[in-house]
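Asker: Got a structure here, written out as structure tokens. Questions coming.
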Amino acid sequence: MPSSAERHFAERLAFETDVSDVHAGLEAGTPGLVVVDSRSAESWDQGHLPGAVHLPTASIAARAPSLVPAGTSVVTYCWGPGCNGAVRAALAFARLGYQVKEMIGGYEYWVREGFAVQTASGRVVRPADPLTAPADACGC
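Numbering-wise (the numbering used here), the sequence shown opens with residue 906 and increments by one.
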């Protein structure tokens, strides 16, 4: 019988993912992966993950079925760890029956790890923050 700690951490991994894993999935073209930005239109225009779908949380119940095919693996994100918008978005997708995970760290950590973002004026890459992205592979 698994311990409480083992169950806890296994459940977290079932419902959370990090920016590095999402980046790897997008780069690999993982079939059935849909990344959803749940922020406002203004935030989306400021910058978003390349390939993401823009679907603010309040619109998920009405618009998700026409934008996100059934059977896909959905990953939601919002601004960052100080915002629970991705959690609310993930809950909305779960209520619709989607397999869904929250991208912990959100847009903030995507940018801080030096991954490209799409803005209204084009693709932008900022230098990685050494406090969040090690100089060599993390190894975790």
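For every residue, glycine included, the Cβ atom is placed at its ideal position computed from N, Cα and C.
1) Can you name the start and end residues of the alpha helix (DSSP H) that Gly-990 belongs to?
2) Would you say Arg-1031 and Ala-1021 are within 7 Å of each other, going by their C-beta atoms?
3) In this structure, does DSSP put Glu-1018 in helix, strand or coil?
4) Please name the residue in Arg-944, Val-958, Ala-969 and Arg-1017 whose C-alpha comes closest to that of Val-924.
5) Which partner residues of Ser-978 appear in the DSSP bridge assignment?
6) Sorted by chain position, which residues of the same chain lie with C-beta nearer than 6 Å to Ser-978's C-beta, five sequence neighbours on each side aside?
Answerer: On the basis of the coordinates in this document:
1) For the purposes of this step, residue 990 is taken as the residue at position 85 of the sequence shown. Looking at the DSSP string, the run of the alpha helix (DSSP H) that includes Gly-990 is 990-1000.
2) As a first step, residue 1031 is located in the sequence shown; it is residue number 126 there, counting from the start. As a first step, residue 1021 is located in the sequence shown; it is residue number 116 there, counting from the start. Going by C-beta atoms, Arg-1031 is not nearer than 7 Å to Ala-1021.
3) Counting from one through the sequence shown, the residue named residue 1018 turns up at place 113. In this structure, Glu-1018 counts as coil in the three-state DSSP scheme.
4) Here residue 924 refers to the residue found at position 19 of the sequence shown. Checking every option, the nearest Cα to that of Val-924 belongs to Arg-1017.
5) Counted from its first residue, the sequence shown places residue 978 at position 73. Partner(s): Leu-938 and Gln-1004.
6) Walking along the sequence shown from the start, residue 978 turns up at place 73. Cβ neighbours of Ser-978 beyond the five flanking positions: Gly-937, Leu-938 and Gln-1004.
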